[in-house]
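Taking this note's numbering, the leading residue of the sequence shown gets 42, the next gets one more, and so forth.
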Amino acid sequence: MALPALAADVTYRADVQPILKAQCDECHGAEAPTLKEFDLAKEKYTKEKSGPRLNTYETLLQLIAYPDSGAFMRRLDDCSGSADKKPGNMYKHLGETDEQRAANLKVLKAWVGEGGWNPNRWMARGDVPAITKEQLDKLKLKY
Numbered sequence: 042m043a044l045p046a047l048a049a050d051v052t053y054r055a056d057v058q059p060i061l062k063a064q065c066d067e068c069h070g071a072e073a074p075t076l077k078e079f080d081l082a083k084e085k086y087t088k089e090k091s092g093p094r095l096n097t098y099e100t101l102l103q104l105i106a107y108p109d110s111g112a113f114m115r116r117l118d119d120c121s122g123s124a125d126k127k128p129g130n131m132y133k134h135l136g137e138t139d140e141q142r143a144a145n146l147k148v149l150k151a152w153v154g155e156g157g158w159n160p161n162r163w164m165a166r167g168d169v170p171a172i173t174k175e176q177l178d179k180l181k182l183k184y
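Put into structure tokens, the structure is as follows:
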């Protein structure tokens, strides 16, 4: 996939949706549970290798901004900037090769926005702090 010339040109419809359809649809497509359904029966859906639905703009935003802030970023990040360098558990599904995964992650990060890609949760948990208003304000998420 060719990257848009400017990060501002990255949109859900043109750039993000095709990545999700190609790389995530098998487990997070239209047949997958909603976030609420998944939360109520997490063990069941995990055994079925099914995660929360990501097939629409609206369902994706639930895993970026609210109610499950930062989940998208925690799962897909390559963690190259972290101390342990351990990628998120879904990073391996971003592509068949390291190059494809890196390119797809670059598009997703550009879409989220400069400074918007962070793993913070809506409410602090463990060593992950709560997301701040300033961090939320950095989200671009152009449709």
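Don't be surprised by glycine CBs; every beta carbon is placed ideally from N, CA and C. The structure presented is a predicted model; accordingly, all values stated were derived computationally and were not measured.
Please state the DSSP three-state secondary structure of residue 169.
As a first step, residue 169 is located in the sequence shown; it is residue number 128 there, counting from the start. DSSP places residue 169 in strand when its eight states are reduced to three.
Confirm, please, whether the CB-CB distance from residue 117 to residue 93 is below 8 Å.
Reading the sequence shown from its first residue, position 52 is the one you call residue 93. Reading the sequence shown from its first residue, position 76 is the one you call residue 117. Not in contact: residue 93 and residue 117 (Cβ atoms no closer than 8 Å).
Taking the alpha-carbon positions, what's the residue 180 to residue 155 distance?
Here residue 180 refers to the residue found at position 139 of the sequence shown. Here residue 155 refers to the residue found at position 114 of the sequence shown. Residue 180 and residue 155: Cα-Cα distance of roughly 8 Å.
What ranges does the alpha helix (DSSP H) occupy inside the stretch 84 to 121, keeping only unbroken runs of at least 4 residues that lie completely in it?
Fully enclosed alpha helix (DSSP H) runs of 4 or longer: 98 to 102 and 112 to 117.
Looking only at its own chain, which residues have a Cβ that is under 6 Å from the Cβ of residue 178, when we skip the five neighbours before and after it?
The residue given as residue 178 occupies position 137 in the sequence shown. Result list for residue 178: empty, nothing under 6 Å.
Take residue 79 and list the residues in its own chain whose beta-carbon comes closer than 7 Å to its own, dropping the five residues that flank it on each side.
Counting from 1 along the sequence shown, the entry for residue 79 is found at position 38. Taken in chain order, the residues that qualify are 86, 92 and 93.
Looking at C-alpha atoms only, which residue of 72, 96 and 89 is the closest neighbour of residue 62?
Looking up residue 62 in the sequence shown gives position 21. Checking every option, the nearest Cα to that of residue 62 belongs to 96.
Would a C-beta distance cut-off of 8 Å place residue 56 and residue 152 closer than the cut-off?
Locating residue 56 in the sequence shown gives position 15, counting from the first residue. Locating residue 152 in the sequence shown gives position 111, counting from the first residue. Contact: yes.
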